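Engineer:
There are 2 protein chains.
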Amino acid sequence: MATVRPVALKAALTRHGRWLPPPWALLCRPNTAVRAFSSVMSPPSTAVVYDDHGPPDTVCKVKELPPLQIKDDDICVRMLAAPINPSDINRIQGVYPVRPPVPAVGGYEGVGEVYSVGSAVKGLSPGDWVIPSPPSSGTWQTYVVRDQNVWHKIEKSTPMEYAASVAVNPLTALRMLEDFVDVKSGDAIVQNGATSIVGQCLIQLARDRGIHSINIIRDRAGSDEAKEKLKNLGADQVFTESQLEVKNVKNLLADIPEPALGFNCVGGNAASLVLKFLKQSGIMVTYGGMSKKPITVSTSSFIFKDLSLRGFWLQKWLSSDKAKESRVMIDYLLSLAREGKLTYEMELVPFNQFQSALDKALGKLGTQPKQIIKF
Amino acid sequence: MATVRPVALKAALTRHGRWLPPPWALLCRPNTAVRAFSSVMSPPSTAVVYDDHGPPDTVCKVKELPPLQIKDDDICVRMLAAPINPSDINRIQGVYPVRPPVPAVGGYEGVGEVYSVGSAVKGLSPGDWVIPSPPSSGTWQTYVVRDQNVWHKIEKSTPMEYAASVAVNPLTALRMLEDFVDVKSGDAIVQNGATSIVGQCLIQLARDRGIHSINIIRDRAGSDEAKEKLKNLGADQVFTESQLEVKNVKNLLADIPEPALGFNCVGGNAASLVLKFLKQSGIMVTYGGMSKKPITVSTSSFIFKDLSLRGFWLQKWLSSDKAKESRVMIDYLLSLAREGKLTYEMELVPFNQFQSALDKALGKLGTQPKQIIKF
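Heads up: the protein sequence lines correspond to chains A and B, in order.
Its first residue numbered 1, the first sequence is counted upward by one per residue in the UniProt record's numbering.
Its first residue numbered 1, the second sequence is counted upward by one per residue in the UniProt record's numbering.
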């Protein structure tokens, strides 16, 4: 068994003495190069680290982190893939209300393969595919060491990119569809930002339940193509915002019933359009604000139309009791992905091209598929 | 027994053949002067009638309506008093979503004394005080004939002006305080438009339950006096909007806990101020829009602060099953009024000065007490 240099071992032990601070807290210490590691130590991890909050393309650096001790209940996972989600960007920018203390490793979800397990670990073995569930910070690295409770085993036949990205966007879509209004087959929902991953998931989850979807997208070059794509996913109606500059948007619905449930991830005019489609006593759930514009609502919408406006934040939901159910939901969503009933465009990008993937995720190159880092 | 001219009798009978159209539908017929009336006919009624929707001071006319037949289950009530509520104004203007067909008699609530009863009426006798409950259109007249089920008997020791005005504003305050959040003694609420009748009722109902109230009023001449009045009613804190132009309004709360429930009857900036006071996962209920400005909300208020925005409309609530409880609530509110625990400023105005009362209610003479027509 190879020896471990005392300084690094002490640091690792300290970290494991209590669950927090997380692995990247080690970065505060001199990065003593430990190349040799024992079976109770993880391999060193190559990670996307930010020392301060700021523009992600400036503050994110790829660094090598020293090995970590693998305690009896720990599992060391070799990461396979992890997405760059908008909320990851916001965490790095420092504009997210909950964020890990810096220095920190980026990323919040992903999929990996069990590399080695602590002596007390049961039910998971090297080679198993796992995801951190509920998701947690620090997935943009090659090796992650966490307690066995953190890891949820998934079927290895799952397409890697869906396993990597299921726990944030698709789960958000599923929860929002189930938690606010009891929508049934034959009912309808309405949403803006329909080309987002959550938007695409909502369309497909609705279709799978016989629920109609009314979808609003931005006016831009290629909107006809975007409409076609969403219709192929099962969207009943897709409108650009300008198409909805009519006296009564409901006249455009044909046989689709008025929706009682709407979703807003844009704000501004696009949110007002969702409200216009809603039926009496309908609910609009806000889960994003891509336009960076607020939501403006008339008094009569509340009093006479009896609309309710709510919000959804997965991270808060995951901190509630209900989160226990989330692994069942993830299994369900991944089964849909395996059956081809839940699809969305992704681009798998090798880890050594991280900066390029980040630039795409930041929107520097126009609309791009969801970027998934492949380790 | 005096005879009744055939034309008027036929009209009355036709009206009574079905519950609708209401008494004022008679206005469509020639107003044959019937001065003589039998015991099965009501006296003629002097009423505030509007033939078309429009500015209330233009379209409202005082007219004499012919006697109505009093059927077996009917009660003829001599009206004692009825308020001019903002919603009465809106109904006449035609901007209210539900309004009686014109020509119509104004008013929606009031108190009266039983004048005569049909042969099948039980439990009510001439001299009893009654209010229409749930309230319904057409109270601005001297005699109202309706089915016995419409009338709710109240204690004659009740101050007339409170009996006349209990069924809209105080009931709105009570329902809003009970229906959205379970606020308990020691908790707090926040509201704008605190000088409104509903606002004043909320302060007093809260105080009676040991609930703190944080109150927002307009900046205007006399705001110090208004603050003092509200504090005398039991308001814990009263701020003008400009006093709340601070970085964190919650620093102004001293020992009062953050409120989980807020009320908005103003819109615009005043609504934003209510939202600022609310605690995590709080609810703001909109029941009016005095500024005529919409409500603007940030995306993060929904996602990260988890606020909910709802609306309340008494007329809708009264059409629900829960409305059965409303008479118990009215008795409770009137008992508070009799005990002096529920007070608000009113001005009793003789019916022959209706136009002057209407001008005051329309705000032509600045801030005025609630106008109550005394018949």
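Here a beta-carbon is modelled for each residue, glycine too, at the ideal position from N, C-alpha and C.
All of these numbers come straight from a predicted model, not from anything done at the bench.
I need the boundaries of the beta strand (DSSP E) containing residue 264/B, first residue and last residue.
Structural biologist: Residue 264/B -> beta strand (DSSP E) spans 261-264.
Engineer: State the DSSP-derived secondary structure class of residue 239/A, mapped to helix, strand or coil.
Structural biologist: Note: residue 239/A maps to strand in three-state DSSP.
Engineer: Which first and last residues belong to the beta strand (DSSP E) in which residue 128/A is found?
Structural biologist: Here residue 128/A belongs to no beta strand (DSSP E), and DSSP marks it neither H nor E.
Engineer: Is residue 92/A helix, strand or coil by DSSP?
Structural biologist: The answer is helix: DSSP assigns residue 92/A an H, G or I state.
Engineer: From which residue to which residue does the alpha helix (DSSP H) around residue 244/A run?
Structural biologist: Premise fails: residue 244/A is in no alpha helix (DSSP H) and is neither H nor E.
Engineer: Under the rule that 16 or more other beta-carbon atoms within 10 Å means buried, what is residue 125/A, buried or exposed?
Structural biologist: Exposed, because fewer than 16 other Cβ atoms sit within 10 Å of the Cβ of residue 125/A.
Engineer: Would you identify the three-state DSSP class for residue 322/A, choosing helix, strand or coil?
Structural biologist: Residue 322/A falls in the helix class under three-state DSSP.
Engineer: For the stretch 303-322 of chain A, which residues have a CB atom closer than 8 Å to at least one CB atom of chain B, in sequence order?
Structural biologist: Flagged, chain order: 303, 304, 305, 306, 307, 308, 309, 310, 311, 312, 313 and 316.
Engineer: Residue 267/B touches chain A at which residues, Cβ-Cβ below 8 Å?
Structural biologist: By Cβ distance, chain A contributes 299.
Engineer: Using a C-beta cutoff of 8 Å, does residue 289/A count as contacting chain B?
Structural biologist: Yes, its Cβ sits closer than 8 Å to a Cβ of chain B.
Engineer: Please report the residue range of the alpha helix (DSSP H) in which residue 175/A lies.
Structural biologist: First-last of the alpha helix (DSSP H) with residue 175/A: 169-179.
Engineer: Check whether the Cβ of residue 367/B lies closer than 8 Å to any Cβ atom in chain A.
Structural biologist: Taking Cβ atoms only, chain A never reaches closer than 8 Å to residue 367/B, which makes this a no.
Engineer: Taking the straight line between their C-alpha atoms, what separation do you get for residue 48/B and residue 96/A?
Structural biologist: Rounded to whole angstroms, residue 48/B to residue 96/A spans 59 Å at the Cα level.
Engineer: Here's the rule I'm using: 16 or more other beta-carbon atoms within 10 Å means buried, otherwise exposed. How should residue 310/B be labelled?
Structural biologist: Its Cβ being crowded by 16 or more others within 10 Å, residue 310/B is buried.
Engineer: Of the choices 180/A, 53/A and 215/A, whose alpha-carbon is the least far from that of residue 281/A?
Structural biologist: Nearest of 180/A, 53/A and 215/A to residue 281/A, Cα basis: 180/A.
Engineer: With DSSP as the reference, label residue 82/A as helix, strand or coil.
Structural biologist: Three-state result, residue 82/A: strand.
Engineer: When we look at the beta-carbon of residue 220/A and count the other beta-carbons within 10 Å, is it buried (16 or more) or exposed?
Structural biologist: It counts as exposed.
Engineer: Per the DSSP calculation, residue 376/A is bridged to which residue(s)?
Structural biologist: Shown here, chain A extends from 1 to 375; a query on residue 376/A therefore has no answer.
Engineer: Return helix, strand or coil for residue 191/A, following the three-state DSSP convention.
Structural biologist: Three-state DSSP puts residue 191/A in a strand.
Engineer: Give the C-beta separation of residue 338/A and residue 158/A to the nearest angstrom, bearing in mind that I take them to be a contact with Cβ-Cβ under 8 Å.
Structural biologist: Indeed, because the Cβ distance is near 6 Å, the residues count as touching under 8 Å.
Engineer: Which full runs of the alpha helix (DSSP H) of 4+ residues lie inside the stretch 39-75 of chain B, going along the chain?
Structural biologist: 56-59, all fully within the stretch 39-75 of chain B.
Engineer: Of the residues 298/A, 333/A, 122/A and 43/A, which one's Cα is nearest the Cα of residue 72/A?
Structural biologist: For residue 72/A, the nearest C-alpha among the options comes from 122/A.
Engineer: Could you round the C-beta distance between residue 264/B and residue 192/B to whole angstroms and report it? I think they count as a contact, below 8 Å.
Structural biologist: The Cβ separation is near 6 Å, so the contact holds.
Engineer: Per DSSP, what kind of secondary structure is residue 258/A in: helix, strand or coil?
Structural biologist: Here residue 258/A sits in coil by DSSP.
Engineer: State yes or no: is the beta carbon of residue 376/B nearer than 8 Å to at least one beta carbon in chain A?
Structural biologist: Not covered by the structure: residue 376/B. The range shown for chain B is 1 to 375.
Engineer: Any contact of the stretch 295-302 of chain B with the stretch 284-298 of chain A, i.e. 3+ C-beta pairs under 8 Å?
Structural biologist: Judged by Cβ distances under 8 Å, the stretch 295-302 of chain B makes contact with the stretch 284-298 of chain A, as three or more pairs qualify.
Engineer: So the alpha helix (DSSP H) residue 207/A belongs to, where does it begin and stop?
Structural biologist: Residues 197-208.
Engineer: Pull the bridge partners of residue 185/A from the DSSP assignment, please.
Structural biologist: Answer is none; residue 185/A lacks a bridge partner.
Engineer: Taking its Cβ as the centre, do 16 or more other Cβ atoms sit within 10 Å of residue 132/B, making it buried, or is it exposed?
Structural biologist: Buried, since its Cβ has 16 or more Cβ neighbours within 10 Å.
Engineer: Name the chain B residues whose beta carbon is nearer than 8 Å to that of residue 97/A?
Structural biologist: Near residue 97/A (Cβ distances below 8 Å), the residues of chain B are 300 and 304.
Engineer: When you compare only the Cα positions, how much space is there between residue 156/A and residue 177/A?
Structural biologist: So the alpha carbons of these two residues sit roughly 27 Å apart.
Engineer: Since residue 152/A contacts residue 102/A with CB under 8 Å, what's their CB separation in whole angstroms?
Structural biologist: Not confirmed; about 28 Å, so no contact.
Engineer: Do residue 249/B and residue 276/B have their beta-carbon atoms positioned less than 8 Å apart in this structure?
Structural biologist: Yes, they are a contact pair.
Engineer: Comparing the C-beta of residue 286/B with each C-beta of chain A, is any distance below 8 Å?
Structural biologist: It does; some Cβ of chain A falls within 8 Å.
Engineer: Apply the 10 Å Cβ neighbour rule to residue 367/A and answer buried if 16 or more other Cβ atoms are within range, or exposed otherwise.
Structural biologist: With fewer than 16 other Cβ atoms within 10 Å, it is exposed.
Engineer: Drop a sphere of 10 angstroms on the beta-carbon of residue 257/B, count the other beta-carbons inside from all chains shown, and report buried for 16 or more, exposed for fewer.
Structural biologist: With fewer than 16 other Cβ atoms within 10 Å, it is exposed.
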